[in-house]
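Protein chains: 2
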Amino acid sequence: MRAALYTGNSTIVVEERPPVPPGPCEVQIDVAYTGICGTDLHILHGSMDDRVRIPQTIGHEMSGHVAALGTDVADLTVGTPVTVMPLRWCGACPACLAGHHHICHRLTFIGIDSAGAMQQRWTVPADVVVPLPADLPLTHGALVEPTAVAVHDVRRADLHAGAKAVVIGGGPIGVLIALVARSVGADVVLMEVDTRRRAIAGELGIRTLDPARDNPTGEVAAWTGGAGAAVAFEVSGSAAGIATAVELLAVRGRLVVVGLHSQQREIDLFRFFWRELTMVGARVYQRDDYDTAIDLLRAGEVGAETLITHVEPLANAAAAFDALRGGGGVMKVLIDCRATS
Amino acid sequence: MRAALYTGNSTIVVEERPPVPPGPCEVQIDVAYTGICGTDLHILHGSMDDRVRIPQTIGHEMSGHVAALGTDVADLTVGTPVTVMPLRWCGACPACLAGHHHICHRLTFIGIDSAGAMQQRWTVPADVVVPLPADLPLTHGALVEPTAVAVHDVRRADLHAGAKAVVIGGGPIGVLIALVARSVGADVVLMEVDTRRRAIAGELGIRTLDPARDNPTGEVAAWTGGAGAAVAFEVSGSAAGIATAVELLAVRGRLVVVGLHSQQREIDLFRFFWRELTMVGARVYQRDDYDTAIDLLRAGEVGAETLITHVEPLANAAAAFDALRGGGGVMKVLIDCRATS
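Those protein sequences? They're chains A and B, same order as listed. Counted from 1, the first sequence has number 1088 at position 248 by the working numbering; the numbering is strictly sequential. Counted from 1, the second sequence has number 1055 at position 215 by the working numbering; the numbering is strictly sequential.
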């Protein structure tokens, strides 16, 4: 079979590899589509070289069919369409004992800390496999993982129908958050500097602002009758994004930190005090976020056809990463692992 | 009557003034005790000169008896022991319409934006007057306002019985938070650099740490079996206090911002994401916080006799401010407004 490997030095190489047979409690998946995530770009840029084992197949947003079962696997059948929830927790640390497995102190992430999905046959522990409805297109199935991120973020926001929410950053996760927020009845504005990304969000019926040109706080003040937004999702990972979020929230407003901030950020704590704001971190997802994500994709709430701007054969994986790095009109890129040329 | 006036230039002057007769919907109070708050020190230092009208009587932590009623005042009787909840809201802004009167966009604070309680007769709107139980000593009654601050902070923390909480900063508000947190069943550690303040907290049965000498995160890790604290109250207003709080919280831990941070603070947002932390601002109090504060003081949960380290006659108000500015063994200072010499 063929696999796309990260070989260090910002390089992806597609080559022939022997498939890994499923051991006890493992499942081998015939991979259909694997999406490229922002985290995969971080890996490609070398930012996670302390976690990946070069050369390593990466990727964790995927869909496929069960190809083979190891021993001791119940509840799964060869041929079932599936995706993967790529988290492994210890079950014994204080976080796990408190029921927060997804933020386990020793959490490992399949596709970063072990081999990922950008290959034709992928062997994973059976307990991370999530069956998909037979009527969900496999291209849409590859969006379950990022949609579950957005579902988790919206759940952490305590969003209610009619609430006004701002999403700062309009990449795939930002747009998915806007769509999931809309699905719970929130009134949403998305801020994104890139014209083409704003256009894609606009096609999905999301109201957008350009924070570089428009006056974000002024616009939000006008939109909310001077109150400010009930919720802000910071998805850009930028210092400006955090500052804008803190500035535009209403009293008792809630800021959800989704974007990765690798540096400390200056925050106006007086504003937190004065308006009794709340800030919450939101990391990956829990199992029920997957169920909700599947339901939303099946109901067509996520605009999968619009979000998937590119589908490339596995042989072109390196070029697909390059296109995504270029940003702009590229939103979600899927690698078709069945098409090798 | 005599009144202590802030006259600018870090100066308090006690002089003779005519009492203000109560107008319609106003009450004149025969003031017994007025506590000195950190905010009063900020005023003395000139930090709030844009809000006070020099010369102005300051002070807002108080107790006394109703001395005279203006017209149109129902539900109050001359002679009733009372305190004051010194907030005035507009009732019409988005915060008020959402039910958050205490964070009204146009909130004014009696004792800052208008004349305060450090005088023998104080005239205030009738709707800010809160009756006190007849059996509550008036020295304790002067602690209702700061205790209500602590009650509000603990309520914003969602503290549950058995939860482990850290309070950073052991001035009067920090110690009151520790006591209120203990009253709801939390297991509390207080961090304070000043030896004498730690000793006072120790007298009240609060476990203390010296963050300058002990290793706060190490101690908290050991205390919580590696989990970290469920709640941290940042009361010090310092950059180090915020950094320590973020570092010692458990997954899904909650940081309550109580201290005033006049500068932006650097915050480790990656940690917020990684541990799904929450940070909330907490400002003043709501009416039911006053009721709880009165109940706690009446039940002896607040250690009022230990917290009140000094009672000075009104004539000595300037010296009392000086003593508090010196810090150290001084915890809560009350001005006895009935004793003029």
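Every residue, glycine too, gets a C-beta built ideally from N, C-alpha and C. Since we're looking at a predicted model, the values are computed, not measured.
| Item | Value |
| --- | --- |
| For Asp993 (chain A), which option in A:Asp1131, A:Asp1135, A:Val1124 and A:Gly848 has the closest C-alpha, if you only look at C-alpha atoms? | A:Val1124 |
| So, does the stretch 940-959 of chain A touch the stretch 896-913 of chain A, judging by three or more C-beta pairs under 8 Å? | yes |
| Of the residues that make up the stretch 1103-1132 of chain B, which ones have a beta carbon closer than 9 Å to any beta carbon in chain A? | Gln1103, Gln1104, Arg1105, Glu1106, Ile1107, Asp1108, Leu1109, Phe1110, Arg1111, Phe1112, Phe1113, Trp1114, Arg1115, Glu1116, Leu1117, Thr1118, Met1119, Val1120, Gly1121, Ala1122 and Arg1123 |
| Ala1061 (chain A) versus chain B: which residues are under 7 Å apart at the beta carbon? | The contacting residues do not exist; Ala1061 (chain A) stays about 10 Å from chain B at best. |
| If the cut is a Cβ gap below 9 Å, which residues of chain B does Ile952 (chain A) touch? | Within 9 Å Cβ-Cβ: nothing; Ile952 (chain A) doesn't reach chain B, min ~14 Å. |
| 8 Å is my cut-off, CB to CB: does Ala904 (chain A) come that close to chain B? | Residue identity check: residue 904 (chain A) is Gly in the sequence provided, not Ala. Not closer than 8 Å to any Cβ of chain B, the Cβ of Gly904 (chain A) fails to qualify, so no. |
| Alpha carbon to alpha carbon, how far is Asn1156 (chain B) from Arg1092 (chain A)? Give it in angstroms, no decimals. | 41 Å |
| For Glu855 (chain B), does the count of other Cβ atoms within 10 angstroms reach 16, so buried, or fall short, so exposed? | exposed |
| My understanding is that Ile883 (chain B) touches Val964 (chain B), with C-beta atoms under 8 Å, so please give their C-beta distance in whole angstroms. | Contact flag wrong, Cβ pair sits at about 18 Å. |
| With Thr987 (chain A) as the anchor, note down where its alpha helix (DSSP H) starts and where it stops. | Val984 to Arg996 |
| Does DSSP put Val1075 (chain A) in a helix, a strand or coil? | coil |
| Does Thr911 (chain A) pass the burial test, meaning 16 or more other C-beta atoms within 10 Å, or should it be called exposed? | exposed |
| May I ask you to report which of helix, strand or coil DSSP gives Ser1102 (chain A)? | coil |
| Once the 5 residues before and after Gln1126 (chain B) are set aside, which same chain residues still bring their CB inside 8 Å of it? | His941, His942 and His992 |
| What is the rounded straight-line gap between the Cα of Ala974 (chain A) and the Cα of Pro921 (chain A)? | 7 Å |
| Going by CA-CA distance only, name the one from B:Ala1133, B:Val1086 and B:Gly1014 that's closest to Met1119 (chain A). | B:Val1086 |
| Going along the stretch 938-950 of chain B in order, which residues come within less than 8 Å of chain A, judged by CB to CB distance? | Ala938, His940, Ile943 and His945 |
| Comparing alpha-carbon positions, which option in A:Met1171, A:Ala1158, A:Ala1160 and A:Gly1167 lies nearest Thr1149 (chain A)? | A:Met1171 |
| Going residue by residue through the stretch 1078-1156 of chain B, where are the continuous alpha helix (DSSP H) segments of at least 4 residues, counting only ones entirely within it? | 1079-1088, 1109-1114, 1127-1138 and 1144-1147 |
| Thinking just about the alpha-carbon of each residue, which of A:Phe1073, A:Ala1090, A:Trp1114 and A:Phe1112 is nearest to the one in Leu1100 (chain A)? | A:Phe1073 |
| Which word fits Ile1107 (chain A), buried or exposed, when buried means at least 16 other C-beta atoms lie within 10 angstroms of its C-beta? | buried |
| Could you name each continuous beta strand (DSSP E) segment of 3 residues or more that falls completely within the stretch 1006-1046 of chain B, going from the start of the chain to the end? | 1027-1031 |
| Taking just the CA atoms, how far does Thr1048 (chain A) sit from Ala1039 (chain A)? | 9 Å |
| Restricting to Cα atoms, I'd like to know which of A:Ala1069, A:Val969 and A:Arg946 is closest to His1000 (chain A). | A:Ala1069 |
| Going by Cα to Cα distance, which pick from B:Asp880, B:Ala1139 and B:Ala932 is closest to Val892 (chain B)? | B:Asp880 |
| Counting only beta-carbon atoms, is Pro971 (chain B) nearer than 8 Å to chain A? | no |
| Counting only runs that start and end within the stretch 923-985 of chain B, where is the alpha helix (DSSP H) found for 4 or more residues in a row? | 934-937 and 978-981 |
| For Gly1066 (chain B), go through chain A and note every residue whose CB falls closer than 7 Å to its CB, in chain order. | Pro934 |
| Are Val969 (chain B) and Leu916 (chain B) touching if we call contact CB-CB under 8 Å? | yes |
| Which whole-angstrom value describes the C-beta separation of Thr987 (chain B) and Ala1139 (chain B), a residue pair presumed to lie in contact below a C-beta threshold of 8 Å? | In fact, because the Cβ distance is near 11 Å, the residues do not count as touching under 8 Å. |
| Going by Cα to Cα distance, which pick from A:Ile1175, A:Asp1131, A:Gly1169 and A:Ala914 is closest to Asp1034 (chain A)? | A:Gly1169 |
| What are the boundary residues of the alpha helix (DSSP H) that His882 (chain A) is part of? | Gly878 to Leu884 |
| What are the partner residues of Leu909 (chain A), as DSSP defines its beta bridges? | A:Val867 |
| Do Val1096 (chain B) and Ala1003 (chain B) have their C-beta atoms within less than 8 Å of each other? | no |
| Quickly, what does DSSP pair Leu845 (chain B) with across the bridge? List them, please. | B:Val853 and B:Thr897 |
| What is the C-beta distance between Arg1037 (chain A) and Gly1011 (chain A), in whole angstroms, given that I count them as a contact (C-beta under 8 Å)? | 7 Å |
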